[in-house]
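**Student:** For the sequence shown, counting from 1, position 50 maps to 50 in UniProt numbering; every step adds exactly one. The beta-carbon is built from N, C-alpha and C at its ideal position, and this holds for glycine as well.
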Amino acid sequence: MRGHNQLYGSICESLSHQEKDAFKQNMDRLGVETIQANYEPQRCRIIKDENFELIFIGNRTSLNSIAGNDSFVVMIYHGIGLKNSYYTDLTDRIDLIAVESSLRAEKLGDLGYTTVDSGFIKLDHLPQLTHDEKRSCQQEMGFEPAKPTILYAPTFYPSSLKKTIPIIPDLVSEMNVMIKLHQFNWTMPKYLPLKE
C-alpha cells in the first residue's frame, strides 16, 4: 500500500485454530489490523495484491506468494542460530535478516546476506511493574519476595521440558520458579501430555 503507514499482521491459514486465535488476540491488543482469508492461497493473494513496501516474515515458505516485486523483505527468526535451517532456509529474495547475535550476523554476512543484530525477538508482552505491583504479583503467585525469581520459557520444542522437570524441585527450595510452556504444549497433540 504505497503512501500509507498502516501496519497489518497475518498468519498462515493452515495453522491450528488455537494459534490463529492467539495471534488475532495479540494483534487486537496491539491495535494491529489482521489480514485473514478462508484458505491459505486466498490469504497470500490478498497480501500480494496489496503490494506492501515492507514485509516481515518468520520463514520463507510463502515468501514468493506474498511479496511484491518491490517489497523490502525482512526475515525474523525467534530462536538462536543453532539449527541448520537458520542457514539453509534463506533466499536472495530476503533483503535483511534480523539475528540474535553478532556471531550469527558474521556467519550470514560471510554467506552474502545483509543482517542486523536485533537481539532475541519475542511477542510476549512484559509489563513494566512498580515495586508495589511486583510485590503484589509475587504474593498472588505464592512467591517469597526474598528469593530470586527465574522464568523458564523454552523457545525450543517442548521436549526440553522432559529434561528440565526433574531439576525444578531442587530449584524451588532456593528460588521462585515460573514456567511458561511453549505454544506447542497446546497446539501439537504429541506435546499435550507434557502440559500435565
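1. Tell me, please, which residues DSSP counts as bridged to Val74.
2. Look up His17 in the DSSP assignment and say whether it is helix, strand or coil.
3. Could you check what DSSP says for Met27 in three-state terms: helix, strand or coil?
4. Quick one: is Arg135 buried, meaning 16 or more other Cβ sit within 10 Å of its Cβ, or exposed?
5. Looking only at its chain, what residues have a beta carbon closer than 7 Å to the beta carbon of Cys44, apart from the 5 residues adjacent to it on each side?
6. For Tyr86, which three-state DSSP category applies?
7. Exposed or buried, what is His17 when buried is set at 16 or more other beta-carbons lying within 10 Å of its beta-carbon?
8. In the DSSP assignment, the beta strand (DSSP E) including Tyr38 goes from what residue to what residue?
9. Would Met75 and Ile46 qualify as a contact pair, given that the criterion is a beta-carbon distance under 8 Å?
10. Runs of 3 residues minimum, wholly inside the stretch 104-138: which ones carry the beta strand (DSSP E) assignment?
11. For Tyr8, which residues in the same chain have their Cβ closer than 6 Å to its Cβ, ignoring the five residues on either side in sequence?
12. Around the C-beta of Ser10, are 16 or more other C-beta atoms found within 10 angstroms, so that it is buried, or is it exposed?
13. Just list the residues that DSSP pairs Val177 with in beta bridges.
14. I'd like to confirm the pairing. Which residues does DSSP put opposite Gly9 in its beta bridges?
15. If you check the beta carbons only, do Val99 and Asp110 fall under 8 Å apart?
16. Just the C-alpha distance for Ile167 and Gln138, rounded to the nearest angstrom, thanks.
17. For Tyr77, count neighbouring C-beta atoms within 10 Å of its own C-beta (all shown protein chains included) and say buried if the count is 16 or more, exposed if not.
18. Under the rule that 16 or more other beta-carbon atoms within 10 Å means buried, what is Ser173, buried or exposed?
19. Could you check where the alpha helix (DSSP H) with Ser160 kicks off and where it finishes?
20. Nearest CA to the CA of Leu103: which residue from Thr115, Leu15, Asn5?
**Tutor:** To lay it out plainly:
1. Phe56, Leu96
2. helix
3. helix
4. exposed
5. Result list for Cys44: Ser62, Ser65, Ile66, in chain order.
6. helix
7. In the assembly as shown, His17 is an exposed residue. Its beta-carbon has fewer than 16 other beta-carbons within 10 Å.
8. For the sequence presented, residue 38 should be read as Asn rather than Tyr. Unbroken run through Asn38: none, as it is neither H nor E.
9. no
10. For the stretch 104-138, the continuous beta strand (DSSP E) assignments of 3+ residues that do not extend past its boundaries occur at 115-117, in sequence order.
11. Glu33, Ile35
12. buried
13. Ile150
14. Thr34
15. no
16. 22 Å
17. buried
18. exposed
19. 160-164
20. With distances taken between Cα atoms, Leu103 lies closest to Thr115.
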